[in-house]
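Order-wise, the sequence lines are chains A and B. Just so you know, we're using this note's numbering here: the first sequence kicks off at -14 and counts up by one. Just so you know, we're using this note's numbering here: the second sequence kicks off at -14 and counts up by one. Just so it is clear, CB atoms sit at the ideal spot from N, CA and C, and this is done for glycine as well.
Protein chains: 2
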Amino acid sequence: MPSKQDQYFSKTLEKGLSILNLFGREHPSRSLTEISTLTGINKTSTYRMVNTLIQLGYLRKSLNDKSLRLGPKAFSLGHECFHGFDVYQGIKPIIDKTFFEHHISIDSALIDGYKLISLYRREMPNLVSFHLPLIMDELYARAMGKIVLANLDSAALDSYFSTLEPIRMTPRTLVDIQDIKADIKATKTRGYSINNMEYIAGVISIGAPMMNLTTKSVVGAVSLDFPSKDYPLESIEQQYIGVLLTLAGEASDLITNAGIRS
Amino acid sequence: MPSKQDQYFSKTLEKGLSILNLFGREHPSRSLTEISTLTGINKTSTYRMVNTLIQLGYLRKSLNDKSLRLGPKAFSLGHECFHGFDVYQGIKPIIDKTFFEHHISIDSALIDGYKLISLYRREMPNLVSFHLPLIMDELYARAMGKIVLANLDSAALDSYFSTLEPIRMTPRTLVDIQDIKADIKATKTRGYSINNMEYIAGVISIGAPMMNLTTKSVVGAVSLDFPSKDYPLESIEQQYIGVLLTLAGEASDLITNAGIRS
DNA sequence: CATTTTGTTACTATAATAGTAACACTAATT
DNA sequence: AATTAGTGTTACTATTATAGTAACAAAATG
């Protein structure tokens, strides 16, 4: 948790970046007041920040209505930030290798607070095609989320549950807090997580943690995803746990070398 | 040209973003003093900005040496900025359509100052594979650059030439300023630009402008790229000018609707 | 071990931002 | 057409955040 009140923290920069973060695939356009209310920044300050971003080319303003959109500079910054992220470059070959060896769908993600940031993903054509968001909230309903929760310390876990309001996404989603807690406990002793069609109907996943081996802390997770009609859970557990744990081990080595920590 | 001295411009935000812009594929790691000298920001202020970016997760610091790298937050911001850019989403189908109809390599870019920002690209396997940078400086040596220059007003063109120091990239690259000026003039009357192996040996390109039809200004360009061994320049000019101009027209419509202007 | 370089902290004058409030302008409603 | 509500933009200062100097610590270098 950052101590944001020291002298060596720029609130202005934080505000500016929080504005840029409001734009994305599902929000290509926003208005000034919308930005002001969403960020909690007063309207004049919002205007200053937005105006700055426009002048620098990160945002642009429609002429008719004055709605704001991403500008060319945001596009190029985005490209560089995406492809310049060394962990992304490092995990690609690891996941690709496993993908071509075993022909299974694989996903990976990093923790950011109590969210998962999707890192790199390969999907088999047999899987129900689902367009996953880049940042995912539902830790309790996904294999990657469960294994992350199982590796948090009890204080962090309490803090997570204190604000949690589970949403039922499939008939099998766990929505009772006690059920979720029990599942997390089981996951911890098991060493890997199971998502039995709780997030998307027809998809079974197993997950393992990406650990920083130096600090002994979770920083993300990998998962293998299977179509339930072709793969019963029992056979997955018999055949693929080794693959999963090997992959997670390789990913953990990468993470540890890169010095990622949460 | 932005008037950056008004009250409604945040210098702090500008500095913070300029730091983030120093990172990318070819510069995954940088030191504090490096950042300070490159941006011209005083060391303490750099420290404040960098510290902020670290606390927010946009940068991370190596434990041993204290070198800085992009963090997970920069990765997710990058992804959203890239895929949330509506012009990118809009130009994809246009270029894909032409690509599948004519089986030729196609490139597109937007202007940013006197640089080109690569937008979307499709490449045929017959083309010499070249890894283009996302931001390109050599306007004088590329088809997309030439057509952009040909559409600038004389003041802007003078300003461009006043700082230009051409680099010879192939035996055919124009390095004499007078030669370049003559070529720009010829391009202007021709209506499309020709790059005859001046940027990469063995690659001939033709370029046309993406115009904002409302403001009558250039905002970018598209180009068709051919391997010179299979396509002599004469046959390209006979067969593909129509394709090029149609594509440029469609791209211009998109740009105009989006309200992109330079 | 001495020397240079790089990162971090202390301190304060100055400049930049926050926030209130008023204003212009458009869109919606009557 | 007139009224209202809403959004974006500007004016104006108190406040506070930042810039920059300088000193210091900690590595890196020789």
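Exercise for the section: Ignore the nearest five residues each way along the sequence and tell me which others in L55 (chain B)'s own chain have a CB closer than 6 Å to its CB. Expected result: F8
Practice task
Report yes if the CB atom of Y125 (chain B) is closer than 8 Å to the CB atom of I185 (chain B), and no otherwise.
Solution key: no
Practice task
Taking only runs that begin and end inside the region 167 to 209 of chain B, name each unbroken beta strand (DSSP E) of 3 or more residues, in chain order.
Solution key: 178 to 181, 188 to 197
Practice task
Compare the C-beta of T37 (chain B) against all C-beta atoms of chain A and say whether one is closer than 8 Å.
Solution key: yes
Practice task
Kindly indicate the opening and closing residues of the beta strand (DSSP E) around I96 (chain B).
Solution key: 90 to 97
Practice task
Please say whether S30 (chain A) and K77 (chain A) have beta carbons closer to each other than 8 Å?
Solution key: no
Handout entry: Reference T148 (chain A), options A:E123, A:M129, A:D168, closest by Cα
Key = A:E123
Handout entry: Proximity below 8 Å, CB of F84 (chain A) to CB of F67 (chain B)
Key = no
Practice task
Please confirm if the region 188 to 195 of chain B is in contact with the region 206 to 220 of chain B, defined as three or more CB-CB distances below 8 Å between the two stretches.
Solution key: yes
Problem - Nearest neighbour of I89 (chain B), chosen from B:V228, B:T241, B:L239, B:N242 [CA to CA] - result: B:V228
Handout entry: Beta-carbon neighbours of N6 (chain A), restricted to chain B and to distances below 7 Å
Key = L62
Practice task
Could you tell me which of A:N111, A:P118, A:R157 sits nearest to Y105 (chain A), measuring between CA atoms?
Solution key: A:P118
Exercise for the section: For the beta strand (DSSP E) containing S47 (chain B), list its first residue and its last residue. Expected result: That residue, S47 (chain B), is in no beta strand (DSSP E); it is neither H nor E in DSSP.
Problem - 8 Å Cβ cutoff, D71 (chain B) in contact with chain A - result: yes
Handout entry: Own chain residues within Cβ distance below 8 Å of Y145 (chain B), not counting five before or after
Key = Y99, L124, L134, L137
Handout entry: CB contact below 8 Å: A233 (chain B) versus chain A
Key = no
Exercise for the section: Could you tell me which residues DSSP puts in a beta bridge with H12 (chain B)? Expected result: B:G9
Handout entry: In chain order, each alpha helix (DSSP H) run of at least 4 residues that lies wholly inside the region 92 to 157 of chain B
Key = 128 to 135, 139 to 148
Practice task
Please confirm if the region 31 to 42 of chain B is in contact with the region 25 to 39 of chain A, defined as three or more CB-CB distances below 8 Å between the two stretches.
Solution key: no
Handout entry: chain B contacts made by the region 145 to 174 of chain A, where a contact means CB separation under 9 Å
Key = none
Handout entry: Anticipated Cβ contact below 8 Å, L101 (chain A) with G130 (chain A), distance rounded
Key = 6 Å
Practice task
Determine the direct distance from the alpha carbon of P212 (chain A) to that of S237 (chain A), and round the result to whole angstroms.
Solution key: 26 Å
Handout entry: Residue from B:T18, B:Y(-7), B:N36 with nearest C-alpha to I39 (chain A)
Key = B:Y(-7)
Handout entry: Buried or exposed by the 16-neighbour rule on C-beta atoms within 10 Å, applied to I179 (chain A)
Key = buried
Practice task
Could you pull out every residue in the same chain whose Cβ sits closer than 6 Å to the Cβ of I120 (chain A), ignoring the five residues on either side in sequence?
Solution key: K100, I102
Problem - Alpha carbon of I152 (chain B) to alpha carbon of I80 (chain A), nearest angstrom - result: 41 Å
Exercise for the section: Mind listing the chain A neighbours of Y105 (chain B)? Cutoff is C-beta to C-beta under 8 Å, in chain order. Expected result: Correct list: empty, because the minimum Cβ distance to chain A is about 10 Å.
Practice task
Name the residue from B:S16, B:Y43, B:I20, B:H12 whose alpha carbon lies nearest to the alpha carbon of L(-2) (chain A).
Solution key: B:Y43
Problem - Straight-line gap, S3 (chain B) to N6 (chain A) (C-alpha atoms, nearest Å) - result: 17 Å
Problem - Separation of P13 (chain B) from D215 (chain B), as counted between CA atoms - result: 38 Å
Exercise for the section: Pull up the DSSP beta-bridge partners for R246 (chain B), would you. Expected result: The partner list for R246 (chain B) (beta bridge, DSSP) is empty, contrary to what the question assumes.
Exercise for the section: Assign I240 (chain B) to buried or exposed, taking buried as 16 or more other Cβ atoms, counted over all protein chains shown, within 10 Å of its Cβ. Expected result: buried
Handout entry: 8 Å Cβ shell around K173 (chain B) - same chain, five flanking residues per side excluded
Key = A135, N136
Practice task
Answer with yes or no whether the minimum CB distance from K67 (chain A) to chain B is below 8 Å.
Solution key: The amino acid occupying residue 67 (chain A) in the given sequence is Phe; Lys does not appear at that position. Chain B contact via Cβ: present.
Handout entry: Per DSSP, cross-strand counterpart(s) of F211 (chain B)
Key = B:I189
Exercise for the section: Identify the contact partners of G1 (chain A) in chain B, using a Cβ-Cβ distance below 7 Å as the criterion. Expected result: S(-5), L(-2), G1
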